[in-house]
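Below you'll find the structure, written out as structure tokens, and then a few comments.
4 protein chains.
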Amino acid sequence: MSALPAIEQRSARIVMTVPFHDLDPAGIVWHGNYAKYFEIARCALLTQFNYNYDEMLVSGFLWPVIDLHVRYIKPLIFNQQVSVQATLREWEYRLAIDYLITDAASGARLTKGRTVQVAVNAATREMCLMSPPVLFERLKLAPDGN
Amino acid sequence: MSALPAIEQRSARIVMTVPFHDLDPAGIVWHGNYAKYFEIARCALLTQFNYNYDEMLVSGFLWPVIDLHVRYIKPLIFNQQVSVQATLREWEYRLAIDYLITDAASGARLTKGRTVQVAVNAATREMCLMSPPVLFERLKLAPDGN
Amino acid sequence: MSALPAIEQRSARIVMTVPFHDLDPAGIVWHGNYAKYFEIARCALLTQFNYNYDEMLVSGFLWPVIDLHVRYIKPLIFNQQVSVQATLREWEYRLAIDYLITDAASGARLTKGRTVQVAVNAATREMCLMSPPVLFERLKLAPDGN
Amino acid sequence: MSALPAIEQRSARIVMTVPFHDLDPAGIVWHGNYAKYFEIARCALLTQFNYNYDEMLVSGFLWPVIDLHVRYIKPLIFNQQVSVQATLREWEYRLAIDYLITDAASGARLTKGRTVQVAVNAATREMCLMSPPVLFERLKLAPDGN
Chain Y
1 MSALPAIEQR
11 SARIVMTVPF
21 HDLDPAGIVW
31 HGNYAKYFEI
41 ARCALLTQFN
51 YNYDEMLVSG
61 FLWPVIDLHV
71 RYIKPLIFNQ
81 QVSVQATLRE
91 WEYRLAIDYL
101 ITDAASGARL
111 TKGRTVQVAV
121 NAATREMCLM
131 SPPVLFERLK
141 LAPDGN
Chain G
1001 MSALPAIEQR
1011 SARIVMTVPF
1021 HDLDPAGIVW
1031 HGNYAKYFEI
1041 ARCALLTQFN
1051 YNYDEMLVSG
1061 FLWPVIDLHV
1071 RYIKPLIFNQ
1081 QVSVQATLRE
1091 WEYRLAIDYL
1101 ITDAASGARL
1111 TKGRTVQVAV
1121 NAATREMCLM
1131 SPPVLFERLK
1141 LAPDGN
Chain C
2001 MSALPAIEQR
2011 SARIVMTVPF
2021 HDLDPAGIVW
2031 HGNYAKYFEI
2041 ARCALLTQFN
2051 YNYDEMLVSG
2061 FLWPVIDLHV
2071 RYIKPLIFNQ
2081 QVSVQATLRE
2091 WEYRLAIDYL
2101 ITDAASGARL
2111 TKGRTVQVAV
2121 NAATREMCLM
2131 SPPVLFERLK
2141 LAPDGN
Chain D
3001 MSALPAIEQR
3011 SARIVMTVPF
3021 HDLDPAGIVW
3031 HGNYAKYFEI
3041 ARCALLTQFN
3051 YNYDEMLVSG
3061 FLWPVIDLHV
3071 RYIKPLIFNQ
3081 QVSVQATLRE
3091 WEYRLAIDYL
3101 ITDAASGARL
3111 TKGRTVQVAV
3121 NAATREMCLM
3131 SPPVLFERLK
3141 LAPDGN
């Protein structure tokens, strides 16, 4: 059994600039747009494991998001450089990933969040009660995290 | 003091058809788009109280969303008619609204969610520790809900 | 050969309310969002012909948009009721549809536009040089429009 | 009078990765999302001239898009690295910018487009018949392009 990956391997970070089209009339990012920022960081994390959305499909599984939580601490503004970090938290029965958005310059915490995904068999559209073996292979983890 | 409004006054419901541009490659609504559906129902609710986004601004307050939670039960598909209900839950210190999306034909529960907003003084951009009097006037409620 | 359908059959109109999440920092609809409004009207038009996106796929064809033009006359604002009309202009080699957005109350012209789509074989992903027979059947038109 | 800037100064190029949330059920970028990609390149171009959206507002002018044209040559797919180039074409009476999206690896041409913007006085909301002096200062151009 491979050992639990070091914490730095279970985390990915992207840096992005807040675009104009994500702003609302108050000149701050509209709250629904943060799900996009989380997703870009999540895809960077999944790519590290060779299990991004295209590879999920090839493996015969879809991984729909079944839960989203966003906690807005400070608003994001136009042209702000922000860092979005995604960290893997759970994988055995479902894929839980935590997010932290910080100001790239000051490091100030701006947003926290979490998504939960479950495996769905792409052919039958049935939900998996446990994450499929392919996830553990990609994570180089045993189902018990060892 | 005016009495607590009847439950039917604290709730609004809109019916909408799922548009093509909200779908993802799996042919279901991309999870980040639900925040838009919640907002349309929230605006219908706020309009009932004569306190929609334009009236908020006139009153001198912004009401940014500080927390969003979405629980995806069943996926929404193209052209599906869905009902989105928004129900006021808290108002004294913050505005908490619950959402329920159901299939308009069968009534099947598809999505649940909650948003929390707080008042921010539009001039000073300072957060209000308690909801401003204008909210209670519009809700026809005393701060203690009576 | 069936006759050219009357002009009212080749046109569909939807009425919608401008949502908050489509606004930009100037308090008007961000220009890229109009493609969504056109699409909702286009889907209403295609539904009249029993050839909406789900039926396109069943018929073995995708119809990607290959050209989009939008002419912004007056800005759309929050909560404005607007009418979006889609009118079929060409079908023999490609599907060209014109759009007109007007204020639902005053009838003032707000936006004009056009999309052009071509048929693509869903299996081979090859572009069709001429619209496939299924389109003419649904339009109840001969390829020469008679 | 300052001379016409060299062509390389009138052009900006950004490189981006196609995100999952911009895809449609056919697994390609939904056509309305290209306006976002154009905007990111346009903002890079305007930043070169110290006249991005925040500086526009400080200068007392809004620059709404009054015309958008997109010509889709080949579809953009998930995770594709694309280059988006924005090139200034007209400035005297209106700001016309051309766009070219290419595959970052192969250089294949994927999308072409153009936006046209006009200056609007932010205070009076009146459209300017000619671009205001601030634009020429920032472009280091005389109104006749010399």
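Protein chains in written order, with the numbering used here: chain Y, 1 to 146; chain G, 1001 to 1146; chain C, 2001 to 2146; chain D, 3001 to 3146. Beta carbons: idealized from backbone N, C-alpha and C, even for Gly.
- Message: Strictly under 9 Å for the Cβ-Cβ distance: is PRO1064 (chain G) near chain Y by that measure?
- Response: The residue labelled residue 1064 (chain G) in the question sits at position 64 within the second sequence. Judged by the 9 Å Cβ criterion, PRO1064 (chain G) is in contact with chain Y.
- Collapsed DSSP secondary structure at MET1056 (chain G) in the structure displayed: Taking the second sequence and counting its residues from 1, the one referred to as residue 1056 (chain G) is at position 56. If DSSP states are grouped into helix, strand and coil, MET1056 (chain G) belongs with the helices.
- Is the Cβ of LEU1129 (chain G) closer than 9 Å to any Cβ of chain Y? In the second sequence, counting from the first residue as 1, residue 1129 (chain G) sits at position 129. LEU1129 (chain G) does not count as touching chain Y.
- Query: Would you say TYR93 (chain Y) reaches chain D, if we count a Cβ-Cβ gap shorter than 9 Å as a contact?
  - Reply: Here residue 93 (chain Y) refers to the residue found at position 93 when the first sequence is read from its first residue. No, no contact with chain D.
- Task: Give the DSSP-derived three-state secondary structure of PHE1136 (chain G) in the structure shown.
- Result: Counting from one through the second sequence, the residue named residue 1136 (chain G) turns up at place 136. It is helical.
- Message: With a threshold of 9 Å between beta carbons, is THR115 (chain Y) in contact with chain G?
- Response: Walking along the first sequence from the start, residue 115 (chain Y) turns up at place 115. For THR115 (chain Y), the answer is yes, since a Cβ of chain G falls inside 9 Å of its Cβ.
- Alpha-carbon to alpha-carbon, VAL2018 (chain C) and ILE2028 (chain C): Residue numbering aside, residue 2028 (chain C) sits at position 28 when the third sequence is read from its first letter. Residue numbering aside, residue 2018 (chain C) sits at position 18 when the third sequence is read from its first letter. Rounded to the nearest angstrom, the two C-alpha atoms are 10 Å apart.
- Query: Name the residues in the segment 2009 to 2031 of chain C whose C-beta lies less than 8 Å from a C-beta of chain D; which are they?
  - Reply: PRO2025, ALA2026, ILE2028, HIS2031
- Within its chain, find whatever has a CB closer than 6 Å to the CB of VAL15 (chain Y); leave out the 5 residues flanking it on each side and keep chain order. On the first sequence, residue 15 (chain Y) is found 15 positions in, with the first residue counted as 1. Closer than 6 Å at the Cβ level, and outside the excluded window around VAL15 (chain Y), lie SER83, ALA104.
- Item | Neighbour list for ALA3035 (chain D) in chain C, Cβ cutoff strictly below 8 Å | Residue numbering aside, residue 3035 (chain D) sits at position 35 when the fourth sequence is read from its first letter. What ALA3035 (chain D) touches in chain C: HIS2031, GLY2032, ALA2035.
- Item | Range covered by the beta strand (DSSP E) that runs through GLU1090 (chain G) | Position 90 of the second sequence, counted from the start, is the residue given in the question as residue 1090 (chain G). Segment 1081 to 1090, the beta strand (DSSP E) holding GLU1090 (chain G).
- Closer than 6 Å by C-beta to PRO1133 (chain G): which residues in its own chain qualify, once you throw out the five before and the five after it? Chain order, please. Sequence index remark: in the second sequence, residue 1133 (chain G) carries index 133 (1-based). Correct list: empty, nothing qualifies.
- Item | Neighbour-count burial assignment, MET127 (chain Y), 16 or more Cβ in a 10 Å radius | For this step, residue 127 (chain Y) is matched to residue 127 along the first sequence. It is exposed - the Cβ of MET127 (chain Y) has fewer than 16 other Cβ atoms within 10 Å.
- Query: Does any CB atom of chain D fall closer than 9 Å to the CB of TYR53 (chain Y)?
  - Reply: To locate residue 53 (chain Y), count along the first sequence from 1; it is residue 53. For TYR53 (chain Y), the answer is yes, since a Cβ of chain D falls inside 9 Å of its Cβ.
- Message: Is ILE3101 (chain D) close to chain Y? Criterion is C-beta to C-beta, closer than 9 Å.
- Response: Position 101 of the fourth sequence holds residue 3101 (chain D). No, its Cβ sits nowhere closer than 9 Å to a Cβ of chain Y.
- Compute the beta-carbon to beta-carbon distance between THR87 (chain Y) and SER11 (chain Y), rounded to the nearest angstrom, for a pair I have assumed lies under 8 Å. As a first step, residue 87 (chain Y) must be located in the first sequence, where it is residue number 87. As a first step, residue 11 (chain Y) must be located in the first sequence, where it is residue number 11. Contact flag correct, Cβ pair sits at about 4 Å.
- For ASN2121 (chain C), which of C:GLN2048, C:PHE2061, C:ASN2052 has the nearest alpha-carbon? Position 121 of the third sequence, counted from the start, is the residue given in the question as residue 2121 (chain C). Closest option to ASN2121 (chain C), Cα to Cα, is C:PHE2061.
- Message: Quick test of the definition: if touching needs 3 or more C-beta pairs under 8 Å, does the segment 3066 to 3082 of chain D touch the segment 3043 to 3052 of chain D?
- Response: no
- Chain-ordered residues of the segment 3069 to 3095 of chain D with a beta carbon less than 7 Å from chain C: HIS3069, VAL3070, ARG3071, TYR3072, PRO3075
- Query: At which residues does the beta strand (DSSP E) containing GLN1117 (chain G) begin and terminate?
  - Reply: The count along the second sequence starts at 1 and reaches residue 1117 (chain G) at position 117. Unbroken beta strand (DSSP E) run through GLN1117 (chain G): 1109 to 1117.
- Item | Burial state of GLY32 (chain Y) (16 or more Cβ within 10 Å) | Taking the first residue of the first sequence as position 1, residue 32 (chain Y) is located at position 32. Per the 10 Å Cβ criterion, buried.
- Message: Just to confirm before moving on: does the CB-CB distance between LEU3095 (chain D) and ALA3119 (chain D) stay below 9 Å?
- Response: Your numbering for residue 3095 (chain D) matches position 95 in the fourth sequence. Your numbering for residue 3119 (chain D) matches position 119 in the fourth sequence. Yes, the pair counts as a contact, with Cβ atoms nearer than the cut-off.
- Query: So which residues of chain C does ILE1097 (chain G) contact, with C-beta pairs closer than 8 Å?
  - Reply: In the second sequence, counting from the first residue as 1, residue 1097 (chain G) sits at position 97. Result: empty, since nearest Cβ-Cβ is about 14 Å, beyond 8 Å.
- Task: Could you tell me whether any Cβ in chain C is nearer than 9 Å to the Cβ of GLU1126 (chain G)?
- Result: Translated into positions along the second sequence, residue 1126 (chain G) becomes position 126. No, because no Cβ of chain C sits closer than 9 Å to the Cβ of GLU1126 (chain G).
- Query: Going by DSSP, what residues sit across from LEU3023 (chain D) in a beta bridge?
  - Reply: Locating residue 3023 (chain D) in the fourth sequence gives position 23, where the first residue counts as 1. According to DSSP, which records beta bridges pairwise, LEU3023 (chain D) is partnered with D:VAL3029.
- Message: Can you list, in chain order, the residues of its chain with a C-beta nearer than 7 Å to that of PHE1020 (chain G)? Leave out the 5 residues immediately preceding and following it.
- Response: For the purposes of this step, residue 1020 (chain G) is taken as residue 20 along the second sequence, with counting starting at 1. For PHE1020 (chain G), where only same-chain residues beyond five positions count, the Cβ hits under 7 Å are PHE1078.
- Message: Please tell me whether GLU1137 (chain G) has its Cβ less than 9 Å away from any Cβ of chain C.
- Response: Locating residue 1137 (chain G) in the second sequence gives position 137, counting from the first residue. Output row for GLU1137 (chain G): interface = no.
- Cβ-Cβ separation, ARG2109 (chain C) to TYR2191 (chain C) (assumed contact under 8 Å), whole Å: Residue 2191 (chain C) lies beyond the stretch modelled for chain C, which goes from 2001 to 2146, so this question has no answer here.
- Item | Simplified DSSP state of LEU3095 (chain D), which is helix, strand or coil | By 1-based counting over the fourth sequence, the position of residue 3095 (chain D) is 95. Correct three-state label for LEU3095 (chain D): strand.
- Message: For SER2106 (chain C), tell me which candidate among C:VAL2070, C:SER2059, C:LYS2074 has the shortest Cα-Cα distance.
- Response: Residue numbering aside, residue 2106 (chain C) sits at position 106 when the third sequence is read from its first letter. Considering only alpha carbons, the answer is C:LYS2074.
- What number of angstroms, rounded off, separates the C-alpha of LEU2023 (chain C) from the C-alpha of GLN9 (chain Y)? The count along the third sequence starts at 1 and reaches residue 2023 (chain C) at position 23. The count along the first sequence starts at 1 and reaches residue 9 (chain Y) at position 9. Roughly 39 Å between the two C-alpha positions.
- Task: Measure from the alpha carbon of HIS69 (chain Y) to the alpha carbon of each residue in Y:ILE97, Y:THR102, Y:ARG13, Y:SER131, then state which is nearest.
- Result: Taking the first residue of the first sequence as 1, we reach residue 69 (chain Y) at position 69. The residue with the shortest Cα to Cα distance from HIS69 (chain Y) is Y:ILE97.
- Message: For TYR2099 (chain C) and TYR2037 (chain C), I'd like the C-alpha separation in whole angstroms.
- Response: In the third sequence, residue 2099 (chain C) corresponds to position 99, counting from 1. In the third sequence, residue 2037 (chain C) corresponds to position 37, counting from 1. Looking at the two C-alpha atoms, the distance is approximately 9 Å.
- Item | Alpha-carbon to alpha-carbon, PRO25 (chain Y) and ARG1089 (chain G) | For the purposes of this step, residue 1089 (chain G) is identified with residue 89 of the second sequence, where counting begins at 1. For the purposes of this step, residue 25 (chain Y) is identified with residue 25 of the first sequence, where counting begins at 1. Going by the C-alpha atoms only, they are around 26 Å apart.
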